[in-house]
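**Student:** Please read through the structure below; I'll follow up with questions.
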Ligand code: HGY
Ligand code: MN
Ligand code: MN
Ligand code: MN
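Structure, rendered in structure tokens:
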């Protein structure tokens, strides 16, 4: 059974995507299923119901990663795993992560429907907390699986309401699961929407992802002294706002240094947040990215030097910076990525090599085992946005490429 000989059921895949989108649906047409919430769990249960209909074996680990197995002829070999995530941003889209998980299910069901026995088992993995919105860092579940983060550290992480990952894992019963990392994975595939404009702008349907950007996340605080907005003369205030203006300019200057650089302030909070109280504290997050590790280091150095200069100039304000995450540049497996190109070409799908600007669970996996990441376009390059959209044709195209690569790997 070669590439292109079998195709997925695109109508079933689309029907599943739309059914999943009804869970945590937002008024704006997006999805709200923050990790380890009732909505996230409801989405997982819907997915597991579909897996149960096929009799697939299901296990989970103590950080809530879910492993679904379609047995092969030789189940002692390490499996091919096909994965992604079902958690979303607060006002996320219907396809980010979800397409990868449901396309993986579609691949398994297509193997069943065509009575194809693979040699090695083929697993689906649903990773916990890829988004890193409610709890940082992002790609948390895959990071614990790969030994990048300890379960203890992760369990102690708090959300903005003071709830811990550990309490939420206990609440859903995941703490009874396997020790993270116990489920061996031999090779890994992931399908994801591109979350940027490159494929759509070039009229390409399949992105063969060669690598991923290096990423650094920071929490930055500017501490002054809150006071009444009226009586105190401006010169006598310890107002962090003027410093914030210079921090914002610094972050954006760092991101504008070259075409491939990215810098983002995603969260910005002034406390206590009352119209007639001059804020005493401002907290913000900074996300720096670059496809080259050396350039990210230079961006980081420029950012930190700028903060040092600012602290020297603004003696009345205390500036504190904490790095919360660093994901180095990642490269994907040549042979698997070549198989992605061959599948696309064989199916007459325009394909191009791309670098991933977004982080994915495949980043952790690529450092552990041979891995490949496949992109399909998303309309207007929009993601982490309720208007996020990929077409049924593109969703099916991506799933068919996953199927072809899975056949090549698992039936070898
Ligand atoms: O931050 C990221 O790139 C990913 O969406 N978690
Ligand atoms: Mn994602
Ligand atoms: Mn995302
Ligand atoms: Mn992501």
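Numbering (this note's numbering), first residue to last: 532 to 943. C-beta atoms are modelled at their ideal positions from N, C-alpha and C, and glycine is treated no differently.
Rounding to the nearest angstrom, what Cα-Cα distance links residue 513 and residue 764 in this structure?
**Tutor:** Because the chain in this structure spans residues 532 to 943, residue 513 falls outside the shown range and cannot be described.
**Student:** Between the Cα of residue 759 and those of 570, 748, 811 and 897, spot the shortest distance and give me the residue it belongs to.
**Tutor:** For this step, residue 759 is matched to residue 228 along the chain shown. Per the Cα distances, 811.
**Student:** Is the beta carbon of residue 940 sitting closer than 9 Å to the one on residue 737?
**Tutor:** Numbered from 1 along the chain shown, position 409 holds the residue referred to as residue 940. Numbered from 1 along the chain shown, position 206 holds the residue referred to as residue 737. No.
**Student:** In terms of DSSP beta bridges, what is residue 801 paired with?
**Tutor:** As a working mapping, residue 801 is identified with position 270 in the chain shown. Bridge partners of residue 801: 813.
**Student:** Taking all protein chains shown into account, decide if residue 719 is buried (16 or more other Cβ within 10 angstroms of its Cβ) or exposed.
**Tutor:** As a first step, residue 719 is located in the chain shown; it is residue number 188 there, counting from the start. Classification of residue 719: buried, given that the 10 Å Cβ count is 16 or more.
**Student:** For ligand 2, which residues have a Cβ under 7 Å from at least one heavy atom, in chain order?
**Tutor:** Answer in sequence order: 615, 616, 627, 628, 661, 662, 723, 889 and 891.
**Student:** For residue 915, is the beta carbon positioned less than 8 Å from some heavy atom of ligand 1?
**Tutor:** If you number the chain shown from 1, residue 915 lands on position 384. For ligand 1, at least one heavy atom lies less than 8 Å from the Cβ of residue 915.
**Student:** Sort out for me which residues DSSP pairs residue 614 with in a bridge.
**Tutor:** As a position in the chain shown, residue 614 is number 83, starting the count at 1. Beta-bridge pairing links residue 614 to 656.
**Student:** Measure the beta-carbon distance from residue 841 to residue 850 and round it to whole angstroms, keeping in mind my assumption that it falls under 8 Å.
**Tutor:** Your numbering for residue 841 matches position 310 in the chain shown. Your numbering for residue 850 matches position 319 in the chain shown. The Cβ separation is near 6 Å, so the contact holds.
**Student:** Who are residue 854's beta bridge partners in DSSP?
**Tutor:** By one-based count along the chain shown, residue 854 stands at place 323. Residue 854 pairs with 749.
**Student:** Hey, could you find the ends of the beta strand (DSSP E) residue 643 is sitting in?
**Tutor:** Walking along the chain shown from the start, residue 643 turns up at place 112. Premise fails: residue 643 lies in the alpha helix (DSSP H), 629-644, not in any beta strand (DSSP E).
**Student:** Restricting to Cα atoms, I'd like to know which of 932, 742 and 913 is closest to residue 890.
**Tutor:** Numbered from its first residue, the chain shown carries residue 890 at position 359. The shortest C-alpha separation from residue 890 is found at 742.
**Student:** Would you say the stretch 638-648 touches the stretch 601-608, given that touching needs at least three Cβ pairs under 8 Å?
**Tutor:** Counting Cβ pairs under 8 Å, three or more are found: they touch.
**Student:** Taking only the alpha-carbon atoms, compute the straight-line gap between residue 776 and residue 839 and give it to the nearest angstrom.
**Tutor:** Looking up residue 776 in the chain shown gives position 245. Looking up residue 839 in the chain shown gives position 308. Answer to the nearest angstrom: the Cα atoms are 15 Å apart.
**Student:** Measure the Cβ-Cβ separation of residue 534 and residue 877 and say whether it is below 9 Å.
**Tutor:** Here residue 534 corresponds to residue number 3 of the chain shown, with the count starting at 1. Here residue 877 corresponds to residue number 346 of the chain shown, with the count starting at 1. It is a contact, given that the beta carbons lie within the stated cut-off.
**Student:** Just the C-alpha distance for residue 914 and residue 734, rounded to the nearest angstrom, thanks.
**Tutor:** Working through the chain shown from its first residue, we reach residue 914 at position 383. Working through the chain shown from its first residue, we reach residue 734 at position 203. Distance between the alpha carbons of residue 914 and residue 734 is about 18 Å.
**Student:** What do you reckon, is the C-beta of residue 726 under 8 Å from a heavy atom of ligand 6?
**Tutor:** Absence of ligand 6 is noted for the structure shown, with ligand 1, ligand 2, ligand 3 and ligand 4 being the only ligands found.
**Student:** What residue from 634, 653 and 724 has the CA that sits closest to residue 587's CA?
**Tutor:** On the chain shown, position 56 is the one that residue 587 refers to. Among 634, 653 and 724, the Cα nearest to that of residue 587 is on 653.
**Student:** Under a Cβ-count criterion, where at least 16 other Cβ atoms within 10 Å of its own Cβ denotes burial, should residue 747 be classed as buried or exposed?
**Tutor:** In the chain shown, residue 747 corresponds to position 216, counting from 1. With 16 or more Cβ atoms within 10 Å of its Cβ, residue 747 is classed as buried.
**Student:** My output table needs one value for residue 778: the three-state DSSP class, helix, strand or coil.
**Tutor:** On the chain shown, residue 778 is found 247 positions in, with the first residue counted as 1. Correct three-state label for residue 778: helix.
**Student:** By Cβ distance, which residues of its chain are closer than 8 Å to residue 677, with the 5 residues on each side in sequence left out?
**Tutor:** In the chain shown, counting from the first residue as 1, residue 677 sits at position 146. Hits under 8 Å: 712, 895, 896, 898 and 899.
**Student:** Taking just the CA atoms, how far does residue 755 sit from residue 872?
**Tutor:** Working through the chain shown from its first residue, we reach residue 872 at position 341. Working through the chain shown from its first residue, we reach residue 755 at position 224. If you take the alpha carbons of residue 872 and residue 755, they lie about 55 Å apart.
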